[in-house]
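Going down the list, the protein sequences come from chains A and B.
Numbered per this note's numbering, the first sequence spans residues -14 to 161.
Numbered per this note's numbering, the second sequence spans residues -15 to 116.
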Amino acid sequence: MDKKATDKLISVYWFAILILTAAAIVYMVSIFYSQPYDIRELEAGILANKIADCVSQAGKLDSNLIDNQGKFNQNFSDNLLNICKINFNAENTNNWKDDQYYFSLDFFKVDDSTISIFNIKKGNLNLASSCEIQKTKEYIKLAKCVEKRFYAVGNDQYLIKILSVVRKTEKNVKQS
Amino acid sequence: MKNKGEILVENVIFIILNLIFLSILVIFILKQSSGAVMLEDSYAKQIALLIDSAKPQNSEVVIQLDMGDGSKIDKTWFAQNFNRVLNVEGSVVNVKLSEKGGSSYSFFNDVAVSTEVGPTGQALIIIRGKNG
Chain A
-14 MDKKATDKLI
-4 SVYWFAILIL
6 TAAAIVYMVS
16 IFYSQPYDIR
26 ELEAGILANK
36 IADCVSQAGK
46 LDSNLIDNQG
56 KFNQNFSDNL
66 LNICKINFNA
76 ENTNNWKDDQ
86 YYFSLDFFKV
96 DDSTISIFNI
106 KKGNLNLASS
116 CEIQKTKEYI
126 KLAKCVEKRF
136 YAVGNDQYLI
146 KILSVVRKTE
156 KNVKQS
Chain B
-15 MKNKGEILVE
-5 NVIFIILNLI
5 FLSILVIFIL
15 KQSSGAVMLE
25 DSYAKQIALL
35 IDSAKPQNSE
45 VVIQLDMGDG
55 SKIDKTWFAQ
65 NFNRVLNVEG
75 SVVNVKLSEK
85 GGSSYSFFND
95 VAVSTEVGPT
105 GQALIIIRGK
115 NG
């Protein structure tokens, strides 16, 4: 093979490499940017913080949470969404029926964190199962769960566990 | 045998072609990262998160957001419709950067929100407690 033919071969080979590289970059960039931002974990974290701020301020349980007899106030529990200024209305899309959020709030005695002495649950209870399933492995299409724990003082000392869950899968995960 | 002039021209063409190739790739990546769909989705979610995090209590929270990148998507449309770019209905943030597009995202914080967007893309989000 003479020098001219070798040069031509190298140039064809070089452009083939360039086209392959370009195709790979275009494919990867398209895949990357076609994924929507997934903010569900952030949302669930903010929701958990909001509930925590609502039931306990500076380490003290909200005075309305416990009644005069030292028992947890059921009225506070029933109106928690109003008291904490939480609104579970989601946009009317993808057959969502205001069922994209869930949270549970459990109160434990400090010396026994296995038995919940008071519990508040709000939102779509079906979403709680997503957290159970994802204890060992995360599944992107299931709802995102965030759990927070903290201590607060009322008439006694309590350990409070908040589990907040946000679904909104259609808006945060690419639908295939 | 090639003379020196021929070698120079070949190399220059080769370098120019490579530069064109790289420029096209960079432009493609920049276009992808600043596309209308991408920006609408990102603005709607950012604003929903900002509203969720706000604690207006008895006062009001004013958030300034630069939506300048969004104003570059369709400059003529933006200049004529900047007051339609961002609105909050109930608990849903709607962002629209072109006639055909639009993205929405809901927030859970039960607050009253009003918005204002200027022709340059400077957005003001005013959050008030519902009782205050």
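Ideal Cβ positions, reconstructed from N, Cα and C, are used throughout, including at glycine.
Measuring CB to CB, does residue i end up less than 7 Å from residue j?
{"i": "Ala128/A", "j": "Val150/A", "result": "yes"}
{"i": "Ser79/B", "j": "Ser90/B", "result": "Per the sequence shown, the amino acid found at residue 79/B is Val instead of Ser. Result no, Cβ atoms of Val79/B and Ser90/B do not sit closer than 7 Å."}
{"i": "Trp92/B", "j": "Ile145/A", "result": "According to the sequence shown, residue 92/B is Phe rather than Trp. Cβ distance not < 7 Å, so Phe92/B and Ile145/A don't count as in contact."}
{"i": "Leu70/B", "j": "Val101/B", "result": "yes"}
{"i": "Glu155/A", "j": "Asn53/A", "result": "no"}
{"i": "Cys69/A", "j": "Cys116/A", "result": "no"}
{"i": "Leu3/A", "j": "Phe5/B", "result": "yes"}
{"i": "Ser41/A", "j": "Ala137/A", "result": "yes"}
{"i": "Lys153/A", "j": "Ala33/A", "result": "no"}
{"i": "Phe92/A", "j": "Phe103/A", "result": "yes"}
{"i": "Glu44/B", "j": "Ile0/B", "result": "no"}
Taking DSSP as the reference, what is the three-state secondary structure of residue i?
{"i": "Gln142/A", "result": "strand"}
{"i": "Ile100/A", "result": "strand"}
{"i": "Val(-3)/A", "result": "helix"}
{"i": "Asn77/A", "result": "coil"}
{"i": "Lys129/A", "result": "strand"}
{"i": "Tyr22/A", "result": "coil"}
{"i": "Val46/B", "result": "strand"}
{"i": "Val69/B", "result": "coil"}
{"i": "Val189/A", "result": "In this structure chain A extends from -14 to 161, so residue 189/A is not present and cannot be described."}
{"i": "Gln85/A", "result": "coil"}
{"i": "Val11/A", "result": "helix"}
{"i": "Ile111/B", "result": "strand"}
{"i": "Gly108/A", "result": "strand"}
{"i": "Lys80/B", "result": "coil"}
{"i": "Ser164/A", "result": "Limits of chain A in this structure are -14 at one end and 161 at the other, which puts residue 164/A out of reach."}
{"i": "Ile(-1)/B", "result": "helix"}
{"i": "Ala164/A", "result": "An answer regarding residue 164/A cannot be provided, because it is not within the stretch -14 to 161 covered by chain A."}
{"i": "Leu50/A", "result": "coil"}
Taking residue i as the query, report the chain D residues whose CB atoms sit under 7 Å from its CB, ordered along the chain.
{"i": "Asp36/B", "result": "Among the chains of the structure shown, chain D does not appear; the protein chains present are A and B."}
Below 8 Å on the Cβ atoms is my contact criterion, and I expect residue i with residue j to pass it. Report the Cβ-Cβ distance as a whole number of Å.
{"i": "Phe135/A", "j": "Ala75/A", "result": "So it is not a contact: roughly 27 Å between Cβ atoms."}
{"i": "Ile51/A", "j": "Asn60/A", "result": "Actually they are not in contact, since the Cβ atoms of Ile51/A and Asn60/A sit about 11 Å apart, beyond 8 Å."}
{"i": "Lys29/B", "j": "Ile24/A", "result": "5 Å"}
{"i": "Ile31/B", "j": "Leu3/B", "result": "Not a contact, Cβ separation roughly 40 Å."}
{"i": "Ile95/B", "j": "Arg68/B", "result": "Looking at the sequence itself, residue 95/B is Val, so the reference to Ile does not match. At roughly 22 Å, the Cβ-Cβ gap does not stay under 8 Å, so Val95/B and Arg68/B are not in contact."}
{"i": "Gly55/A", "j": "Asn140/A", "result": "5 Å"}
{"i": "Leu46/A", "j": "Tyr143/A", "result": "7 Å"}
{"i": "Tyr18/A", "j": "Ser17/B", "result": "6 Å"}
Taking one C-beta from the region 6 to 21 of chain B and one from the region 5 to 14 of chain A each time, how about it: are there three or more such pairs within less than 8 Å? yes
Taking contact to mean 3 or more Cβ pairs, one atom from each stretch, closer than 8 Å, check whether the region 85 to 99 of chain A and the region 108 to 117 of chain A are in contact. yes
Is the region 49 to 68 of chain B close to the region 18 to 25 of chain B, with three or more CB pairs under 8 Å? yes
Exercise. If contact means a Cβ-Cβ distance below 7 Å, which residues of the region 55 to 73 of chain A contact chain B?
Worked result: Lys70, Ile71, Asn72 and Phe73
Residues, ordered as in the chain, of the region -3 to 11 of chain A that lie near chain B by beta-carbon distance below 8 Å: Leu3, Ala7, Ile10 and Val11
If the cut-off is 7 Å on Cβ atoms, which residues from the region 21 to 36 of chain B count as contacting chain A, listed in chain order?
Met22, Asp25, Ser26, Lys29, Leu33 and Asp36
Residues, ordered as in the chain, of the region 122 to 140 of chain A that lie near chain B by beta-carbon distance below 9 Å: none
By the 7 Å beta-carbon criterion, what residues does the region 67 to 82 of chain B contribute toward chain A? Gly74, Ser75 and Val76
*asked:* Please list, in chain order, the residues of the region 94 to 105 of chain B that have any C-beta partner in chain A closer than 9 Å.
replied: Asp94 and Val95
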